[in-house]
Amino acid sequence: MFTLLEAEAHGQGFLREYWSILTDPAHVSVEITLTILLDGLLLGLVWPLIRGYFNRVLERQHAALDEEHGIVHHGDHIHHETGEDIHTHPPIPCEDV
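Position 21, counted from 1, in the sequence shown is what the working numbering calls 121; the numbers after and before it change by one each time, with no gaps.
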């Protein structure tokens, strides 16, 4: 706050300059253009990495939960092992009908 008062006292007009920049259409256009370019570039480069990380985490969690609950996936259907069968017997064979 002290620097604002000093700027006003010396005739530099901080608030006047701030308002002129804020209301200048060319300046606002450049700011919007740079924001779109940088956000698009950042999102384009970083989003695939973030999505890949979350996919790997979810796959590991899914596999751990399937193993914990004795679930065996067979494409179009799922077998559930119950009770003592979990972790003591091999997965139930798939019967194609």
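Glycine included, every Cβ here is placed at the ideal spot set by N, Cα and C.
For residue i, the first and last residue of its enclosing alpha helix (DSSP H)
i, result
"residue 166", "125 to 169"
C-alpha distance - residue i paired with residue j, whole-angstrom precision
i, j, result
"residue 174", "residue 140", "40 angstroms"
"residue 150", "residue 136", "20 angstroms"
"residue 160", "residue 132", "41 angstroms"
"residue 157", "residue 163", "10 angstroms"
"residue 166", "residue 172", "7 angstroms"
"residue 197", "residue 170", "Unreliable placement is indicated for residue 197, whose pLDDT of 49 sits below 50; no coordinate value is reported for it."
"residue 147", "residue 134", "19 angstroms"
"residue 144", "residue 126", "27 angstroms"
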